[in-house]
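Novice:
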Amino acid sequence: MTVERIPGGEDVALVDLVDRLIGGGVVLTGDVVLSLAGVDLVYLGLRLVLAPAHEVGPVLSRGAVR
Amino acid sequence: MIVLHAVVARDAAAVAPELRHHDAGQVSVLYEEVADPPGRDSEDVVEHGRRVVQLAEHVPLLPMRYGTTVPDLERLRAVAEERAEAWSRRLAELAGRCELVVHLELSPVPAPVAVSGRDYLKARIEDVRRHDRAVDDARMLVGRWTQEVRLLVDGRRLAVLLRREDADHARAALESWGRIRDDLEVTVTGPWPPFSFCEEVERP
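Going down the list, the protein sequences come from chains C and X. Using this note's numbering, you'd call the opening residue of the first sequence number 19 and step up by one each time. Using this note's numbering, you'd call the opening residue of the second sequence number 7 and step up by one each time.
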């Protein structure tokens, strides 16, 4: 289960990885968790380039998700 | 500040010697103490993700959502004690499972040069139906291997939970299906830790 051996385009895989790290996983609720507002912006940027999967590579290579 | 990485079975905490762990019930929470909050660039998230993916190669785990932090050990203890039983239960359910993400991208249908509002709406409805049929077809195709399938929030991707040993079979079936569909592009990524199947933990 390594990122490096994922077929189907590493760029798409990396976007999925970031998307799932931010949009999935265990979510703690309540006041003990500090939110990271800036990450939401990364998430939004990634979601914008996610739509046409075949175009993700060129977008990432231009650094548009930073 | 404490950054939470993942929840693993209590006897599996040694798999990540570079991380600290807090034991609660039958689980351990893997964490690290840091001076600054987790980074906000995509590279920071990817680096964290690679570590989580590597851990998941060795032990079943529940990944924490990126950026999950607690202020101190006292709060970590409180959080872990409150949720240890639910985490343990979900860990057992997900043991040996992984996640594939399936992108379904339909070729756009060219719009007529001049259309009425009614025709436009009919075309939009047909687009939605085409997409729904593609989703249903993908669900049926991988149904024999999957425990759960979820449509992700963008509506264009499916998260598929399945046994790790079935991942290659499911991927091959999906990619083969994509090759014979000239109106559909299918891209599969993973296997990932079960990122999309952890939220039950917080349900009462």
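Heads up, the beta-carbon is just placed ideally off N, CA and C, and yes, glycines get one too.
1. Which residues, taken in chain order from the region 30-48 of chain C, show a beta carbon closer than 9 Å to some beta carbon of chain X?
2. Excluding sequence positions up to five away, which residues of its chain have a Cβ less than 7 Å from the Cβ of A176(X)?
3. Looking at G43(C): is its Cβ nearer than 8 Å to the Cβ of C204(X)?
4. Could you tell me whether the Cβ of Y72(X) comes closer than 8 Å to any Cβ of chain C?
5. Would you check if the distance between the CB atom of V192(X) and the CB atom of V108(X) is smaller than 8 Å?
6. Indicate whether at least one CB of chain C lies closer than 8 Å to the CB of G102(X).
7. Indicate whether A22(X) and L36(X) have their beta-carbon atoms separated by less than 8 Å.
8. Output yes or no for whether 8 Å exceeds the beta carbon distance between V58(X) and P199(X).
9. For D14(X), go through chain C and note every residue whose CB falls closer than 9 Å to its CB, in chain order.
10. Drop a sphere of 10 angstroms on the beta-carbon of D40(X), count the other beta-carbons inside from all chains shown, and report buried for 16 or more, exposed for fewer.
11. Can you give me, in chain order, the residues of the region 148-178 of chain X that have a beta carbon less than 9 Å from any beta carbon in chain C?
12. Provide the residue span of the alpha helix (DSSP H) that contains L82(X), from first to last.
13. Could you check where the alpha helix (DSSP H) with W198(X) kicks off and where it finishes?
14. What is the rounded straight-line gap between the Cα of V51(X) and the Cα of D34(C)?
15. Alpha carbon to alpha carbon, how far is E88(X) from D78(X)?
16. Determine, for G55(X), whether the minimum Cβ-Cβ distance to residues of chain C falls below 8 Å.
17. Which value, in whole angstroms, describes the spacing of the CA atoms of A84(X) and A12(X)?
18. Excluding sequence positions up to five away, which residues of its chain have a Cβ less than 6 Å from the Cβ of R156(X)?
Specialist: Let's see:
1. Residues passing the 9 Å Cβ filter: V30, A31, L32, V33, D34, L35, V36, D37, R38, L39, I40, G41, G42, G43, V44, V45, L46, T47 and G48.
2. Residue mapping note: residue 176(X) aligns to position 170 of the second sequence, counting from 1. Spatial neighbours of A176(X) in its own chain (CB-CB distance under 7 Å, excluding positions within 5 residues in sequence) are listed in chain order as L106, V148, W151, V166 and L168.
3. By 1-based counting over the first sequence, the position of residue 43(C) is 25. By 1-based counting over the second sequence, the position of residue 204(X) is 198. In contact: G43(C) and C204(X) (Cβ atoms closer than 8 Å).
4. Against the second sequence, residue 72(X) aligns to sequence position 66. Chain C, which has a Cβ nearer than 8 Å to the Cβ of Y72(X), makes this yes.
5. Translated into the one-based positions of the second sequence, residue 192(X) becomes position 186. Translated into the one-based positions of the second sequence, residue 108(X) becomes position 102. Inclusion of V192(X) and V108(X) in the CB contact set at 8 Å is warranted, their separation being smaller than that value.
6. Locating residue 102(X) in the second sequence gives position 96, where the first residue counts as 1. G102(X) does not count as touching chain C.
7. Looking up residue 22(X) in the second sequence gives position 16. Looking up residue 36(X) in the second sequence gives position 30. Yes. Within cutoff.
8. Counting from 1 along the second sequence, the entry for residue 58(X) is found at position 52. Counting from 1 along the second sequence, the entry for residue 199(X) is found at position 193. Yes; because the gap between Cβ atoms is below 8 Å, this pair is in contact.
9. The residue you call residue 14(X) lines up with position 8 of the second sequence. Just to set this straight, residue 14(X) is Val in the shown sequence, not Asp. None at all; the shortest Cβ gap to chain C is about 12 Å.
10. Translated into positions along the second sequence, residue 40(X) becomes position 34. First, the residue type needs correcting, since residue 40(X) is Val and not Asp in the sequence shown. Sixteen is the threshold: since fewer than 16 other Cβ atoms of the shown chains lie within 10 Å of the Cβ of V40(X), the residue is exposed.
11. Answer set for the region 148-178 of chain X: L158, V159, D160, R162, R163, A165, R170, A173 and R177.
12. Within the second sequence, residue 82(X) is the residue found at index 76, counting from 1. Here the alpha helix (DSSP H) through L82(X) covers L79 to L100.
13. Stepping through the second sequence from its first residue, residue 198(X) is reached at position 192. W198(X) -> not in any alpha helix (DSSP H); beta strand (DSSP E) instead, spanning L190 to W198.
14. As a position in the second sequence, residue 51(X) is number 45, starting the count at 1. As a position in the first sequence, residue 34(C) is number 16, starting the count at 1. Answer to the nearest angstrom: the Cα atoms are 11 Å apart.
15. Position 82 of the second sequence holds residue 88(X). Position 72 of the second sequence holds residue 78(X). Distance between the alpha carbons of E88(X) and D78(X): 16 Å.
16. Start at 1 with the first residue of the second sequence, and residue 55(X) comes out as number 49. Contact with chain C is found for G55(X), since one of that chain's Cβ atoms lies less than 8 Å from the residue's Cβ.
17. Position 78 of the second sequence, counted from the start, is the residue given in the question as residue 84(X). Position 6 of the second sequence, counted from the start, is the residue given in the question as residue 12(X). The C-alpha of A84(X) lies about 16 Å from the C-alpha of A12(X).
18. Taking the first residue of the second sequence as position 1, residue 156(X) is located at position 150. In the same chain as R156(X), and ignoring 5 residues on each side of it, the C-beta atoms closer than 6 Å to its own belong to A165 and S202, in chain order.
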